[in-house]
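*Asks:* Just dropping this structure here.
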Amino acid sequence: MTNLDFSLIFLLLLATQFSIKLYLAQRQIRHVLRHRHQVPLPFRERISLENHQRAADYTAAKVSLGMVDLLVQSIWLVMLTAGGLLSSLQSLLASAWLLLFPDDLPGPGLDFQISLIMLVILLGSIIDIPFSLWRQFVIDQRFGFNRMTLGLWFSDQIKGLAISVILGIPFLVLVLWMMQQTGQHWWLWVWATWMIFQLAVMVIWPTWIAPLFNRFEPLQEGEVRTAVESLLNRCGFSSQGLFVMDGSKRSAHGNAYFTGMGQSKRIVFFDTLLAQLSSREIEAVLAHELGHFKHRHILKRIVLSAVFSFFALALLAWVMNQAWFYRGLGLIPLPGSQASAALLLFSLVIPVFLFPIQPLMSWWSRKHEFEADAYAASQTQAADLESALIKLIKDNAATLTPDPIHSAIYDSHPPASIRIARLQALSERLGSAVGLANGKTPQAASTR
Ligand SMILES: [Zn+2]
15 MTNLDFSLIF LLLLATQFSI KLYLAQRQIR HVLRHRHQVP LPFRERISLE NHQRAADYTA
75 AKVSLGMVDL LVQSIWLVML TAGGLLSSLQ SLLASAWLLL FPDDLPGPGL DFQISLIMLV
135 ILLGSIIDIP FSLWRQFVID QRFGFNRMTL GLWFSDQIKG LAISVILGIP FLVLVLWMMQ
195 QTGQHWWLWV WATWMIFQLA VMVIWPTWIA PLFNRFEPLQ EGEVRTAVES LLNRCGFSSQ
255 GLFVMDGSKR SAHGNAYFTG MGQSKRIVFF DTLLAQLSSR EIEAVLAHEL GHFKHRHILK
315 RIVLSAVFSF FALALLAWVM NQAWFYRGLG LIPLPGSQAS AALLLFSLVI PVFLFPIQPL
375 MSWWSRKHEF EADAYAASQT QAADLESALI KLIKDNAATL TPDPIHSAIY DSHPPASIRI
435 ARLQALSERL GSAVGLANGK TPQAASTR
């Protein structure tokens with residue numbers, strides 16, 4: 015392949031992806047605004063027109079900002095590669111290096127290579143700052159979701175930076191060292207290290223990292239705890255590690271999640287979720303999360319990511335030895351710094367090549383959501399999950415009328431109307447059986 019070929023392929027793919035994303039964003043905004051004047055029939059009794067319109071405006075505002083973000087990210091990527099910015103940054107850093115360390119040749123040293131990668135990451139993060147600020151302090155503020163102060167935002171950024179430096183730099187040093195020192199099968203070593211690193215982060219995240227950002231307190235004794243513990247016993251889970259997180263510190267959005275592995279495994283409820291839902295609704299939401307566990311969704315994700323990174327690293331090992339890869343993306347590595355240049359280019363451009371699998375990943379995720387919902391409906395009352403979902407939709411101002419194509423490509427969760435219709439069908443089918451099995455009255459499941 016000639017150099018021109020590859021840079022053309024890359025730019026064409028980038029332009030195609032950009033146009034498709036822009037088209038989808040416009041579809042989403044148009045569709046949501048077109049359905050703004052009327053609450054969809056199944057929700058008419060439970061969601062007010064005011065709430066529905068607020069959700070439409072919130073969605074449109076977020077998607078519009080996303081379009082500007084997409085434009086800036088795409089321009090940045092073109093500037094770095096075809097625009098020759100990476101190459102200029104490399105020369106600039108090399109000149110500075112020679113001034114600062116006259117005895118150290120820029121290129122072969124890991125310190126130089128890491129500095130170039132960090133410089134590019136840093137510049138990319140600076141470009142993200144205005145978008146992050148706008149999302150939080152303009153859009154979320156306008157719709158009443160923001161609970162953050164600028165001081166907290168700033169301290170979050172500093173902590174995030176510190177964590178990526180403390181965890182990321184040693185890992186990067188190790189990877190580059192392996193790429194240069196372990197022979198042609200380096201990518202197998204890097205793959206194994208990457209797997210161990212990811213699992214280690216999963217283990218230390220809940221106990222070491224998450225507490226740097228939020229306070230976690232054990233779930234207090236009371237109605238909710240009793241309901242949750244009885245559900246966990248029924249489903250065969252240990253009830254250790256039930257925590258409440260002060261999510262209200264940053265946002266009014268409510269959530270609950272499972273985190274960690276083995277001993278560090280915990281269930282975390284946002285305080286905002288506990289404030290919004292009844293104990294039976296919380297039980298249903300938790301049953302949905304347990305459904306993900308019972309169906310081994312998390313394990314399946316880890317396996318998929320292992321398979322995926324195996325092939326990605328094999329591909330990196332191959333393109334690393336192709337001259338067209340560097341020339342086509344506008345960065346000729348300094349002697350001895352091929353590994354870092356390849357890694358940098360690869361991580362910058364791979365998302366463009368992966369966009370075609372986005373719909374598949376979203377579809378897979380939605381399939382898991384349906385499975386988790388079905389599990390929740392079999393262990394608790396489907397009607398409780400349904401009313402919990404409606405409260406969450408209202409409180410998160412999620413749109414009830416997403417564009418079907420936009421949703422099929424991006425949404426990790428099925429649209430509310432489809433999800434609720436399925437739950438209603440399930441509750442009709444399971445209603446009596448589950449009601450009897452749990453010793454509850456079947457009527458609760460068929461109130462709607
Ligand atoms: Zn889920």
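Using the working numbering, the letters of the sequence shown map in sequence onto residues 15 to 462. Yeah, the Cβ is synthetic: ideal placement off N, Cα and C, and Gly gets one too.
Return the CA-CA distance between residue 222 and residue 283, expressed in angstroms with no decimal places.
*Replies:* Rounded to the nearest angstrom, the two C-alpha atoms are 18 Å apart.
*Asks:* Skipping 5 residues on each side, what residues in its chain have a beta carbon closer than 6 Å to that of residue 330?
*Replies:* These residues qualify, in order along the chain: 360.
*Asks:* What residue does the alpha helix (DSSP H) around residue 189 start on, and which one ends it?
*Replies:* Unbroken alpha helix (DSSP H) run through residue 189: 183-195.
*Asks:* Pick helix, strand or coil for residue 414, following the three-state DSSP scheme.
*Replies:* DSSP places residue 414 in coil when its eight states are reduced to three.
*Asks:* Between which two residues does the beta strand (DSSP E) holding residue 180 run?
*Replies:* No beta strand (DSSP E) holds residue 180; DSSP gives it neither H nor E.
*Asks:* Would you check if there are 3 or more beta carbon pairs closer than 8 Å linking the segment 240-248 to the segment 260-277?
*Replies:* Verdict: no, contact absent.
*Asks:* Within a Cβ cutoff of 7 Å, which residues of the same chain sit near residue 347, ignoring the five residues on either side of it in sequence?
*Replies:* 340 and 355.
*Asks:* Roughly how many whole angstroms lie between the Cα atoms of residue 332 and residue 96?
*Replies:* Answer to the nearest angstrom: the Cα atoms are 22 Å apart.
*Asks:* When we look at the beta-carbon of residue 294 and count the other beta-carbons within 10 Å, is it buried (16 or more) or exposed?
*Replies:* Label assigned to residue 294: buried.
*Asks:* Compute the Euclidean distance between the alpha carbons of residue 70 and residue 357, then round it to the nearest angstrom.
*Replies:* Approximately 41 Å between the Cα atoms of the pair.
*Asks:* Any idea what DSSP makes of residue 58, helix, strand or coil?
*Replies:* DSSP places residue 58 in coil when its eight states are reduced to three.
*Asks:* By Cβ distance, which residues of its chain are closer than 7 Å to residue 205, with the 5 residues on each side in sequence left out?
*Replies:* Around residue 205: 323, 324 and 327.
*Asks:* Can you name, in chain order, every residue of its own chain whose Cβ lies under 7 Å from the Cβ of residue 413, other than the five neighbours on each side?
*Replies:* Closer than 7 Å at the Cβ level, and outside the excluded window around residue 413, lie 46, 69, 70 and 73.
*Asks:* Taking the continuous beta strand (DSSP E) assigned at residue 345, which residues delimit it?
*Replies:* Residue 345 -> no beta strand (DSSP E), and no H or E assigned at all.
*Asks:* In this structure, how does DSSP classify residue 162 when only helix, strand and coil are distinguished?
*Replies:* Coil, per DSSP.
*Asks:* For residue 96, report the span of its alpha helix (DSSP H) as first-last.
*Replies:* Segment: none, residue 96 is in no alpha helix (DSSP H) and carries neither H nor E.
*Asks:* Check for me: the beta strand (DSSP E) holding residue 258 runs from which residue to which?
*Replies:* Residues 256-259.
*Asks:* Provide the residue span of the alpha helix (DSSP H) that contains residue 242, from first to last.
*Replies:* That run of the alpha helix (DSSP H) goes 237-249.
*Asks:* Go through its chain and collect everything with a Cβ distance to residue 193's Cβ below 6 Å, but skip five positions before and after it.
*Replies:* Hits under 6 Å: 200 and 353.
*Asks:* If we ignore side chains and look at the alpha-carbon of each, how far apart do residue 21 and residue 364 end up?
*Replies:* Rounded to the nearest angstrom, the two C-alpha atoms are 14 Å apart.
*Asks:* Looking at C-alpha atoms only, which residue of 48, 99, 146 and 100 is the closest neighbour of residue 80?
*Replies:* Cα-wise, what sits closest to residue 80 is 146.
*Asks:* I'd like to confirm something about residue 383: is its beta-carbon nearer than 7 Å to some heavy atom of ligand 1, or not?
*Replies:* Residue 383 Cβ: within cutoff of ligand 1.
*Asks:* Who pairs with residue 281 in a beta bridge, going by DSSP?
*Replies:* In DSSP, residue 281 forms a bridge with 256 and 272.
*Asks:* For the beta strand (DSSP E) containing residue 115, name the first residue and the last one.
*Replies:* Run containing residue 115: none; DSSP gives neither H nor E here.
*Asks:* Closer than 7 Å: is that where the CB of residue 267 sits relative to any heavy atom of ligand 2?
*Replies:* No copy of ligand 2 occurs in the structure displayed; its ligands are ligand 1 alone.
*Asks:* How close, in whole Å, do the beta carbons of residue 436 and residue 387 come, if the pair is a contact with beta carbons under 8 Å?
*Replies:* Sure, about 7 Å apart at Cβ, within 8 Å.
*Asks:* List in chain order: all unbroken alpha helix (DSSP H) runs of 4+ residues lying wholly within the segment 341-420.
*Replies:* Within the segment 341-420, the complete alpha helix (DSSP H) runs of at least 4 residues are 352-368, 372-393 and 396-410.
*Asks:* For residue 29, I'd like the list of residues in its chain whose CB is within less than 7 Å of its CB, leaving aside the five on either flank, ordered along the chain.
*Replies:* Same-chain partners within the cutoff: there are none.
*Asks:* Which word fits residue 184, buried or exposed, when buried means at least 16 other C-beta atoms lie within 10 angstroms of its C-beta?
*Replies:* Exposed is the call here.
*Asks:* The beta strand (DSSP E) that contains residue 232, what's its start and end?
*Replies:* Counting along the chain, the beta strand (DSSP E) containing residue 232 begins and ends at 230-232.
*Asks:* Taking its Cβ as the centre, do 16 or more other Cβ atoms sit within 10 Å of residue 373, making it buried, or is it exposed?
*Replies:* That one is exposed.
*Asks:* List the endpoints of the continuous alpha helix (DSSP H) containing residue 334.
*Replies:* Counting along the chain, residue 334 falls outside any alpha helix (DSSP H), and DSSP gives it neither H nor E.
*Asks:* Work out the CA separation of residue 88 and residue 109 for me, nearest whole Å.
*Replies:* Whole-angstrom Cα-Cα distance: 28 Å.
*Asks:* Quick test of the definition: if touching needs 3 or more C-beta pairs under 8 Å, does the segment 388-399 touch the segment 295-304?
*Replies:* Contact holds: three or more Cβ-Cβ distances are below 8 Å.
*Asks:* Using 7 Å as the cut-off, classify the Cβ of residue 306 as near or not near the heavy atoms of ligand 1, replying yes or no.
*Replies:* Yes, ligand 1 has a heavy atom inside 7 Å of this Cβ.
*Asks:* Just checking my contact of residue 186 with residue 128 at CB under 8 Å: how many whole Å lie between their CB atoms?
*Replies:* Contact flag correct, Cβ pair sits at about 6 Å.
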